[in-house]
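Chains A and B supply the protein sequences, listed in that same order.
Per our numbering, residue -7 is the first one in the first sequence, and the count goes up by one each step.
Per our numbering, residue 59 is the first one in the second sequence, and the count goes up by one each step.
Cβ atoms here follow ideal geometry from the backbone N, Cα and C, with glycine treated the same way.
What follows is one structure encoded as C-alpha cells, with my remarks underneath.
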Amino acid sequence: MPTRDLTFAIVGSGGDGVITTGDMLAQTGASVGLHVMKVEAYGPQIRGGESSCTVRISADPIFAQGDLVQVLVVFNWADFAQFRGEILAAPDAIVIYEEADDSPREGIDLGPDTGDVRWVPVPFIELAKESAGTKLAKNIVTLGLLSELFKLPQEPLEKAIRGKFAKKKPEVLEANLRGFEAGKLHAAKIADAAAGKRMQYTPGEPMLLMSGNELSAVAALHAGCRFFAGYPITPSSEVLHLLSELMPKVGGYLVQTEDELSAIGAVIGGSFAGVKSMTATSGPGLALMTEMLGLASMAEIPAVIIDVQRGGPSTGLPTKSEQSDLWQALWGSHGDAPRVVLAPADVEDCFHATVAAFNIAEEAQVPVIVLSDQFIAQRRETLSMLTLDHEVRGRQVPSAGDLHEYKRYKETKSGISPMSWPGMKGGEYQTNGLEHTEDGSPTSMFLTHEKMNAKRYRKLRLVRDKYSFYRHYGTERADVGIICWGSSKGPVKEAVLRANGRGERVSAFVPQLLYPFPYHEFQDYIKTVREVIVVELSYSAQFYKYLQTFLDLPEGHTYVFKRSGGKNLTVGEVEDKIQKVLEMSAMRREVLV
Amino acid sequence: MSAAGVKVELKPGAYKSGLKPVWCPGCGDFGVLNALYRAMAQLQIEPSNTVILSGIGCSSRLPGYVKTYGFNGVHGRALTLATGVKVARPDLTVIAVGGDGDGLAIGGNHLIHSCRRNLDILYILMDNEIYGLTKGQVAPTTPTGDKTKSTFWGNPEPSVDPCELAISTGATWVARGFSGDMKDLTEMIAAGLVHNGFSFLNVMSPCVTWRGDDQFKEMKAKVAHLPEGYDPSRRANAVDYTREKDKITTGILYEVEAPSLTDQLENIKERAMAGNGVPTTKEMLSRFYPKF
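What follows is the structure in C-alpha cells.
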C-alpha cells in the first residue's frame, strides 16, 4: 500500500548535514507541489551539538507537524538521546541508523508504542567514503537512499545537488552525484523495509516554502514599513536578517541597535516622524521594551512589535517554543497602557497578522504586539502565493482645518485624533510621556488624566469592532469545543478534523485578536458547545486565566489542557483530551437521564 | 514664505513655544534655551522640519519650549528616539537634549553607540553635576567627595568626563560650552547643527537649587576658552584640554570629517536599489520558491 503522508526525522550532530538533508527534502516536496512542514531543533550549542530536522511531506493539506515519525534516520544515538520525549516513532516506523555508530544505545526511548518498528542499519559513512571518497557526502547518500526507498521525486533532488555544488570544482560535484547513486543502489537492498511507506502523489505546481519569520518580514514591507530597528535574539533574528537585505531595496532603512531599549525607542521615533516602523524580538527583549510600550500608549504613537515567544522565564529555552509571554504582552506595563495583541496561528497567518498589526497601529495610534512563537516563526511550510495579500491602511492625517491651532490630542468620539508629522507646517506639537492636555502640554491634573485615559482606551473599541478575527473549525454545534490560540491551532485543527471524520461533534475556536478581548465572539461560540477544553503551552495556564477575567466559562464543563513548552503540541495529545472529555460528557448525560 | 513668496526672516523669538519653563530662577538651562533660539534664527532653521527630543530631567523639559516638533520621552532614551527620527527621516534637523544623569548614567549606552554610529544629529548635554528633578542625588559628573542627598559621607566614585567619552567613542564634533556665555554658546550650537555627523555639546549649566549659588561663580571662574590657533582635528590635543582639572575649557575641542550614519545608509540604499525598481510583494515572495 502506498501512502500520501510521510513524516521523516533526521538526527545527528551539527556536522552531519542533518539540516541540509532536511532542507533538500522539503524543497523537493515543495517543488512538485506537495505539502511540506519542516521543523528544526537544536541544542543550545553554537556549533556542533545535537540537531534534528523533521519533515512532513503530504499529498494533502496538513496543519501540524507529524506527531509520530514514520521514517527515522539516526546518525548518532547519543544525539538522539538529547531529544528524548520530543521525537517519537510510529508503531511501525522504519528506523535507519548508522551501522558504524558505537554510541551507547541503552535506554534509547523511541516512544510509548514501538513494537513493530523495523530496524535497518545502513553503512552511511562507508558508502560515502566508497562512492565519493569522503564521509562528508553522508547526507547526499542519505538523500539518494530516502528518495529511492520512499519514491520521492529524484529529478529535483539531483538538480538541487547540482545547484549546491555548482560553485565547487567539477570533481566535487561528480563525487556527490556518485554518493547520491550509491544511496539509491543501497536502497534496493533494503527495499522490503519500506513496504507501505512509498509516496503516491500527482505532481503539481511548485509551492512557496517559508518560515513565519520570513513571512513577517515580507509582510511588514507589504504593509509599507520603511524603518526597522532590532536587536538580535533567538528565535526572532530571521526577521532582522531578511529585512537587512530587503529594506534598502524598497527604499527603507534598518538599524541594528545596541539593545532592545534602543530598538523600541528608534521605532517610536521613526513612527513619530511619519514612517511605518517595526521591531522584532523575543520574551526577554519584550521585557526590556516594556517601559517604552507605555510611552507609545501615552504618546499615542503607532508601533509594531513582533514577539517570537520562546521557553521562559529568563534565558529559558531559547531555541524552543512556548506560549508564556501572553501576560507580559497583555499586561506588562506601568500605568494603564492600552495596546493591541494579535496572535498569528500558523506560518501563513504571520503575513496577515503582521499587516493587520500595521493597519491597527496606524489607524488607532497604539502599539501592537504580534505574539508569534518559535514553532510558527522558524518552521518552514508550503504556501500558495494566492493567499498572500492583505489590504493596507494608513494613519489619519490632519486636514487644513485641523492644522489651524492644531491639537494633537483633540478629543474625538472614537478617541482617535488626526496625527501630524514633521514636515507638516502648522502641525508642530510636543509629544509627551507625561500626561498632557489636548495640545500636548504636560499636566498633572486629575481631571485631564481621567479624560485622556478614557480617550486612549476608547480607541480599543474601534479595534475590537473592526479587527476582530477568529477561526472556527469543526461542527457548528459540538459536544466538545476547544479554545486555543497561536501555534496550538495546527494540532488542534488536525485533531478536530480527524474527530469529525469519525463522526464526533467537535469544534475549535481560535481568536487572532487577543486584546482588546473579542467578548461577543467568544460568548457566541461558547453557546454552541457542551464542554470546553482550553489548550495552551503555558505551565501556569495564562490563556485560561485570561479568559476567566472576561468570560464565564461553563462551570463544571470546562477543562484545561496546559503544559510547558519545549515540545510542540501534538495532534495525539489533543485527540486524547477530546476522547477523555467526550467520555466524561457521555457519562454525565447518562447520569442525568 | 509669505503670501508674496518672500522669505520672512525668523527672529529668535519666533522659535518660542509660549509654554513657560518650569526651571528654577537662575537655572543654567535658560541660557542654553536662549542660545538655541538664537542659533536656530542664525541658521534660519525651519521649525516644521525640526525635531527636538529629550529624556527625563529638568533639562529634558526643553523641547516643550521650542516651537518645533518636540518629544519629551522617557528617562535615558532621548538618543534612541532621535536615532529613529533621523534614520527614518534623514531630511529633518534633529536635536537631542538632556542632562548628565539622563545621558551618562541611565542613557550612557546609547551615547556611546550614537557617537560610534556618527548619528547625524546635535546632542546638547546640560551638565549641572547633580540630579535636579529627583532633588539632589549624586550624578556621574559629580566630583569625587561631594556631599549630595545620596552621598551623605561624600561621593565615593570618580566622575566621568563627557567630552573625553564622546571623543573616544567616535563622535566627530565635540565641544564644551558654558551656559553663562551666551555669545559663545550660540556660535557653538550653530556650528554643531551645521556639522555632518554626531555633534556632542557638553554645556556646563549650573543648578542653583541643588549645587548652591556658588556653583555658577565657581564655574565661571574656571572657564577658559581654547587658545587661538587651536587645531581641533587632533584627538590628543582635545583629550589634553578636556582633561584639565582646574579649568573648564570651552570651545570646539574636536572636529573631524567622516561619513555620518545618514551617509552610510544612503549609500546602502543606493547600492540596493541600483538599476532595479522597487520589488513588489510578489517578487519578494517569489524567491522562496524551491530553487530547482
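Going by DSSP, what residue range makes up the beta strand (DSSP E) through residue i?
| i | result |
| --- | --- |
| H133/B | Element bounds for H133/B: n/a, residue is neither H nor E. |
| S269/A | S269 to T273 |
| K554/A | T550 to K554 |
| M29/A | H27 to Y34 |
Mapping the DSSP letters down to three states, classify residue i as helix, strand or coil.
| i | result |
| --- | --- |
| R522/A | strand |
| Y193/A | coil |
| N424/A | strand |
| Q74/A | coil |
| Q504/A | coil |
| L83/A | The residue you asked about is not Leu; residue 83/A is Pro in the sequence shown. In this structure, P83/A counts as strand in the three-state DSSP scheme. |
| G228/B | coil |
| W319/A | helix |
| K74/B | strand |
| L309/A | strand |
| F438/A | helix |
| H168/B | helix |
| R174/B | helix |
| C45/A | strand |
| Q273/B | helix |
| M59/B | With a pLDDT of 43 at M59/B, under the threshold of 50, the modelled position of this residue cannot be trusted, and the question is left open. |
| W69/A | helix |
| V566/A | helix |
Would residue i pass as an interface residue toward chain B - the criterion being a Cβ-Cβ separation below 7 Å?
| i | result |
| --- | --- |
| K176/A | no |
| V384/A | no |
| F219/A | yes |
| Q504/A | no |
| T134/A | no |
| L201/A | yes |
| P195/A | no |
| P145/A | no |
| H214/A | yes |
| K30/A | no |
Should residue i be flagged as near chain A, meaning a C-beta pair shorter than 7 Å?
| i | result |
| --- | --- |
| V348/B | Residue 348/B is actually Pro in this sequence, not Val. Answer yes: the Cβ-Cβ gap between P348/B and chain A drops below 7 Å somewhere. |
| M246/B | no |
| I179/B | no |
| G74/B | Note on identity: in this sequence residue 74/B is Lys, with Gly being the wrong assignment. Taking Cβ atoms only, chain A never reaches closer than 7 Å to K74/B, which makes this a no. |
| A332/B | no |
| T339/B | yes |
| P220/B | no |
| S60/B | At S60/B, the pLDDT of 46 sits below 50, so the modelled position is not reliable and the matter cannot be decided from this model. |
Taking just the CA atoms, how far does residue j sit from residue i?
| i | j | result |
| --- | --- | --- |
| K327/B | R218/A | 12 Å |
| T339/B | A212/A | 10 Å |
| E91/A | K554/A | 40 Å |
| A671/A | L26/A | Past the boundaries of the shown model lies residue 671/A; chain A is included only from -7 to 585, so the question cannot be answered. |
| V339/A | E237/A | 21 Å |
| V63/A | C45/A | 12 Å |
| G333/B | L235/A | 20 Å |
| T244/B | E230/A | 46 Å |
| A1/A | V65/A | 6 Å |
| I86/A | G188/A | 11 Å |
| G495/A | E513/A | 26 Å |
| S60/B | N351/A | Legend: pLDDT at S60/B = 46, less than 50; position of this residue unreliable, value from coordinates given subsequently. So the alpha carbons of these two residues sit roughly 38 Å apart. |
Residue i lies in the alpha helix (DSSP H); which residues open and close that run?
| i | result |
| --- | --- |
| T151/B | Careful: T151/B lies outside any alpha helix (DSSP H), inside the beta strand (DSSP E) at T151 to G157. |
| F379/B | Nothing about residue 379/B can be reported from this structure: the residues present for chain B run from 59 to 350 only. |
| V347/A | V339 to A356 |
| P483/A | K481 to G493 |
| Q540/A | Q534 to F542 |
| Y245/A | Looking at the DSSP string, Y245/A is not in any alpha helix (DSSP H); the run it does join, the beta strand (DSSP E), is Y245 to Q248. |
Is residue i a contact residue of the ligand COA, with contact defined as CB to any heavy atom under 6 Å?
| i | result |
| --- | --- |
| L489/A | Because no ligand of any kind appears in the structure shown, any question about the ligand COA cannot be addressed here. |
- Task: Please name the residues in the stretch 186 to 199 of chain B whose beta-carbon is closer than 8 Å to at least one beta-carbon of chain A, in chain order.
- Result: none
- Item | Near-chain B residues of the stretch 261 to 285 of chain A - C-beta to any C-beta below 8 Å | Contacts with chain B (Cβ-Cβ distance below 8 Å) from the stretch 261 to 285 of chain A involve G261, G262, S263, F264, A265, G266, V267, S269, E283 and M284, listed in chain order.
- Along the stretch 129 to 152 of chain B, what residues have a CB closer than 7 Å to any CB found in chain A? Under the 7 Å Cβ criterion, the stretch 129 to 152 of chain B contributes F129, N130, G131, V132, R135, T138, L139, A140, T141, G142, V143, V145, A146, R147 and L150.
- chain B contacts made by the stretch 241 to 262 of chain A, where a contact means CB separation under 9 Å: Correct list: K241, V242, G243, G244, Y245, L246, V247, T249, E250, D251, L253, S254, A255, I256, G257, A258, V259, I260, G261 and G262.
- Query: Between the stretch 392 to 426 of chain A and chain B, which residues of the former have a C-beta closer than 9 Å to a C-beta of the latter?
  - Reply: S412, W413, P414, G415, M416, K417, G418, G419, E420, Y421, Q422, T423, N424, G425 and L426
- Message: Short of 9 Å Cβ to Cβ, which residues in the stretch 89 to 103 of chain B face chain A?
- Response: none
- Message: Along the stretch 433 to 457 of chain A, where does the CB come closer than 8 Å to a CB of chain B? Name the residues.
- Response: S433 and P434
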